[in-house]
Amino acid sequence: MKVVVVGCGYVGLALAEQLAARGHAVTGVRRSDAGLDAVEAVGPDVEAVRADATDPASLSALPDADAVVFAASSGGRGADAARTVYVDGLANVVDEYGSRASPPDRLVYTSSTGVYGDHDGGWVDEETPVEPTTEKTRVLAEAERIATERTAEAGIDGTVVRFAGLYGPERYRLERYVEGPVTAGYLNMVHRDDAAGSIRHLLEADRARDRAVLVVDDEPVDKHAFADWLADACGVPRPEKLSKDERIAAGDLSAAAERRIRTSKRCSNALLRELGYEFAHPTFRSGYRDAVRAFRARSE
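If you read the sequence shown in full-length UniProt numbering, its first letter stands for residue 1, the second for the next number, and so on.
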C-alpha cells in the first residue's frame with residue numbers, strides 16, 4: 001500500500017514508522033527543512049516531500065497514493081489559523097488528488113473529540129451529535145464535513161478519526177499534574193503510538209470507510225484520581241486539588257480556558273475495539289510507565 005501522510009508531525013511520524021516497518025511505501029509531507037529532516041530520520045524506507053497544504057501550487061509534488069492521511073497541525077494557534085490549515089488546507093489536498101487520473105482509494109482526516117462539546121461528564125460515542133462550543137472546534141467540525149462530503153464528490157472514501165488528548169514522548173507533561181494544583185474534570189487520552197496505530201489498523205484492515213471513529217483508550221479518568229496515581233507512581237506528595245468553581249473563581253482565565261474547564265465528557269472506544277484494534281497502551285497506567293521511570297531516575 002502506498003500512503004502519503006500530509007502534515008507528518010507528532011502522530012504522522014509514528015504512523016510512517018509503523019507503516020514502513022510493515023512493508024508499506026510511505027511518503028511524509030512537511031513544509032520546513034526541520035520537518036523534512038524529521039521525516040528522513042524515520043528511516044530509509046520513508047520518503048520526505050516538501051509541500052504545504054495551504055499552498056495549492058505546491059501540492060503537485062505529492063505522489064499518487066492508495067491512501068492519504070491528513071494529519072497537519074495549526075500549531076496550537078487560534079481559530080483563523082485552524083481554518084487555514086484544517087478547512088482550506090484539507091480542501092486543497094482533496095481537490096488536488098480528486099483531479100488526478102488515479103485518485104487515492106481513501107483519505108483519513110485526524111480530528112478531535114473537542115467537536116462533541118460539553119456533556120456534563122456523560123459518555124459520548126460516534127452516535128452522539130457533534131456540538132462544538134468554540135470557534136476552533138466549529139472549524140474542526142467543518143473540516144470533518146470536507147473529509148466525508150468533498151472526498152465523496154472526488155470519488156474518495158473518507159474516514160474521520162477523532163483523537164482524544166494525545167500524550168507520549170515529549171508530551172507527558174508530568175509536572176502539570178504532580179506539582180498541581182489540579183482542576184476537577186475528566187481526562188480522555190490516547191498514547192501517540194495508539195493514535196498512529198489506530199490509523200494503521202483502519203487502513204490495513206480496510207475498516208471505517210465513510211464514517212467517524214473515536215480514538216481514545218479504555219479508561220477516561222477523573223483528573224484528581226489521575227494526579228494522585230501519578231504522584232504515587234513518581235514517589236512524590238499528592239498535589240493540591242481544585243474544584244471547577246474554585247479554579248474559575250481565581251479570575252485569571254480567558255473565556256476560552258473557562259469553557260474548556262466547564263466542558264466535561266467521557267469518550268467511548270467501543271467502536272474502535274469492535275473494528276479490531278488492539279491497544280499498545282490500553283490505559284494511562286501502561287502509557288505513562290516510561291515517563292514515570294524517567295522521572296524517578298531524575299529524582300534519585
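We put the beta carbon where it would ideally sit given N, CA and C, even for glycine.
**Environment of ASP52 [buried if 16+ CB atoms lie within 10 Å]** = Taking the sequence shown and counting its residues from 1, one reaches residue 52 at position 52. By the 10 Å Cβ count, ASP52 comes out buried.
**Presumed contact (8 angstroms Cβ cut-off) between ASP218 and THR148, rounded CB distance** = As a position in the sequence shown, residue 218 is number 218, starting the count at 1. As a position in the sequence shown, residue 148 is number 148, starting the count at 1. Rounded, the Cβ-Cβ distance is 27 angstroms, inconsistent with contact.
**Asked** Can you tell me the Cα-Cα spacing of VAL87 and LEU253, whole angstroms?
**Response** The residue given as residue 87 occupies position 87 in the sequence shown. The residue given as residue 253 occupies position 253 in the sequence shown. Their backbone Cα atoms lie some 28 angstroms apart in a straight line.
**Message:** On the DSSP bridge list, what partners appear for VAL108?
**Reply:** Taking the sequence shown and counting its residues from 1, one reaches residue 108 at position 108. Beta-bridge partners assigned by DSSP to VAL108: VAL69, THR159.
**Request:** Go ahead and label ARG30 buried or exposed: buried means 16 or more other beta carbons lie within 10 angstroms of its beta carbon, across all protein chains shown.
**Result:** Locating residue 30 in the sequence shown gives position 30, counting from the first residue. Counting C-beta atoms within 10 angstroms of its own C-beta, ARG30 has 16 or more neighbours from the protein chains shown and is therefore classed as buried.
**Message:** DSSP three-state label for LEU166, please.
**Reply:** Locating residue 166 in the sequence shown gives position 166, counting from the first residue. Residue state, collapsed to three classes: strand.
**Prompt:** According to DSSP, is VAL236 helix, strand or coil?
**Reply:** As a first step, residue 236 must be located in the sequence shown, where it is residue number 236. It is coil, neither helix nor strand.
**Asked** Would you report the Cα separation of residue 341 and ALA225, rounded to the nearest angstrom?
**Response** Residue 341 cannot be examined here, being either before or after the span of the chain that is shown, 1 to 300.
**Asked** Can you tell me the Cα-Cα spacing of THR27 and ASP194, whole angstroms?
**Response** Walking along the sequence shown from the start, residue 27 turns up at place 27. Walking along the sequence shown from the start, residue 194 turns up at place 194. Those two C-alpha atoms are separated by around 20 angstroms.
**Start and end residues, alpha helix (DSSP H) containing VAL11** = By 1-based counting over the sequence shown, the position of residue 11 is 11. Run containing VAL11: 10-21, per the alpha helix (DSSP H) assignment.
**Request:** Can you tell me the Cβ-Cβ gap for SER268 and TRP123, rounded? I've got them flagged as a contact below 8 angstroms.
**Result:** Your numbering for residue 268 matches position 268 in the sequence shown. Your numbering for residue 123 matches position 123 in the sequence shown. Correct: roughly 6 angstroms between the Cβ atoms.
**Request:** Determine contact between the stretch 131-138 and the stretch 76-95, defined as no fewer than three beta-carbon pairs at a distance below 8 angstroms.
**Result:** Three or more Cβ pairs closer than 8 angstroms define a contact, and the stretch 131-138 meets that threshold against the stretch 76-95.
**Message:** Here's the rule I'm using: 16 or more other beta-carbon atoms within 10 Å means buried, otherwise exposed. How should ALA143 be labelled?
**Reply:** Translated into the one-based positions of the sequence shown, residue 143 becomes position 143. So ALA143 ends up on the buried side.
**Message:** Between which residues of its own chain and ARG247 is the CB-CB distance below 7 angstroms, once the five residues before and five after are set aside?
**Reply:** Counting from one through the sequence shown, the residue named residue 247 turns up at place 247. Hits under 7 angstroms: THR183, ILE261.
**Asked** Can you list, in chain order, the residues of its chain whose CB lies under 6 angstroms from that of ARG266, leaving out five sequence neighbours each side?
**Response** For the purposes of this step, residue 266 is taken as the residue at position 266 of the sequence shown. If the five residues before and after ARG266 are omitted, its C-beta is found closer than 6 angstroms to the C-beta atoms of TRP123, TYR186, PRO220, all from its own chain and listed in chain order.
**Request:** With DSSP as the reference, label ALA25 as helix, strand or coil.
**Result:** Taking the sequence shown and counting its residues from 1, one reaches residue 25 at position 25. Correct three-state label for ALA25: strand.
**Beta bridge counterpart(s) of ARG211 as assigned by DSSP** = Here the question's residue 211 lines up with position 211 in the sequence shown. DSSP, once it has assigned bridges, lists THR159 as partnering ARG211.
**Residue range of the beta strand (DSSP E) that includes GLU127** = What you label residue 127 is simply residue 127 of the sequence shown in a count that begins at 1. No beta strand (DSSP E) holds GLU127; DSSP gives it neither H nor E.
**Prompt:** What do you reckon, are the CB atoms on THR71 and THR110 nearer than 8 angstroms?
**Reply:** Here residue 71 is taken as the residue at index 71 of the sequence shown, counted from 1. Here residue 110 is taken as the residue at index 110 of the sequence shown, counted from 1. What sits at residue 71 in the sequence shown is Ala, not Thr. Yes.
**Item:** Which listed residue (ALA255, GLU47, VAL216) has its alpha carbon closest to that of ARG162
**Value:** On the sequence shown, residue 162 is found 162 positions in, with the first residue counted as 1. Proximity to ARG162 across ALA255, GLU47, VAL216 peaks at VAL216, based on C-alpha coordinates.
**Request:** Measure the alpha-carbon distance for ALA57 versus ASN92 and round it to whole angstroms.
**Result:** As a position in the sequence shown, residue 57 is number 57, starting the count at 1. As a position in the sequence shown, residue 92 is number 92, starting the count at 1. Roughly 9 angstroms separates the two Cα atoms.
**Request:** Kindly indicate the opening and closing residues of the alpha helix (DSSP H) around VAL42.
**Result:** Along the sequence shown, one-based indexing puts residue 42 at 42. Residues 33-42.
**Prompt:** Do three or more CB pairs link the stretch 102-118 to the stretch 152-161 at distances below 8 angstroms?
**Reply:** The stretch 102-118 vs the stretch 152-161: in contact.
**Prompt:** Are the Cβ atoms of LEU214 and ASP125 separated by less than 8 angstroms?
**Reply:** Start at 1 with the first residue of the sequence shown, and residue 214 comes out as number 214. Start at 1 with the first residue of the sequence shown, and residue 125 comes out as number 125. Contact annotation: LEU214 and ASP125 have beta-carbon atoms nearer than 8 angstroms.
**Prompt:** Do you know offhand how far ARG150's Cα is from GLY121's?
**Reply:** As a working note, residue 150 is residue 150 in the sequence shown. As a working note, residue 121 is residue 121 in the sequence shown. Spanning the two alpha carbons is a distance of roughly 33 angstroms.
**Prompt:** Is the Cβ-Cβ distance between residue 301 and CYS234 less than 8 angstroms?
**Reply:** The chain is shown only over 1 to 300; residue 301 falls outside these bounds and no answer can be derived.
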